[in-house]
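Quick note: the sequence shown uses numbering that gives the first Met the number 0, first residue 0, plus one each step. For every residue, glycine included, the Cβ atom is placed at its ideal position computed from N, Cα and C. Keep in mind it's a predicted model, so treat the numbers as computed, not measured.
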Amino acid sequence: MADREDQFEVWLMDMGDALRRFTASVPNELAENLDYSLGSLDQLEQYALKLYPDIDAAKRAGEAARLDGFSRYIGQTFRRSLGGEWFIDFGDAKNVFHGLPQLIGLSGQRTQICPLTMATAALDRRSGTYWSTILKNHLARITASG
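Structure follows, in structure tokens:
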């Protein structure tokens, strides 16, 4: 288990560089707008929908780094708006997010949030606003609870 926890720490330490690599991998006109805003989530999600016709396309060999980039960007956008931090659970093998990076301590958070599964869920729902809608719902919950 220590090896997996060490790998997660390395994953966290690589966050800035990984996001820079991801931003460099998308079209320039999109990269210029990746400012961790609600609007940037929609633009990035729409790019993902063009890139991947379905979830299986995102799971193809060679797509892991790009999918990781999407999930990191989603997670960091949520963190900038809602606080919180990344964590990973290796203790409960029955947890649907076992071994996957998640967010905890977000303002307005009521359920587990796993940016990787959010990335793939958007490919299934195909709305183009799935990620921003979740963030808007959290922000509305914070405002409502005053």
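- Every unbroken stretch of the beta strand (DSSP E) spanning 3 or more residues and falling wholly within the region 44-122 is given here in chain order: 84-86 and 101-103.
- Where V9 is concerned, the enclosing alpha helix (DSSP H) starts and stops at A1 to M12.
- Boundaries cannot be given for E31, as no alpha helix (DSSP H) includes it and DSSP labels it neither H nor E.
- Between A57 and L43 a beta carbon distance of about 14 Å is seen, past the 8 Å cut, so the two are scored as non-contacting.
- Counting C-beta atoms within 10 angstroms of its own C-beta, H137 has 16 or more neighbours from the protein chains shown and is therefore classed as buried.
- The distance from the Cβ of S106 to that of L134 is about 11 Å, inconsistent with a contact at the 8 Å cut-off.
- 8 Å or more divides the Cβ of L48 from the Cβ of R140.
- Its chain contains P114, L115 and A118 as the residues whose beta carbon lies nearer than 6 Å to that of S70, once the 5 sequence neighbours on both sides are disregarded; these appear in chain order.
- In the structure shown, S24 falls within a helical segment according to DSSP collapsed to helix, strand and coil.
- By alpha-carbon distance to Y129, the top candidate from I73, L99 and D88 is I73.
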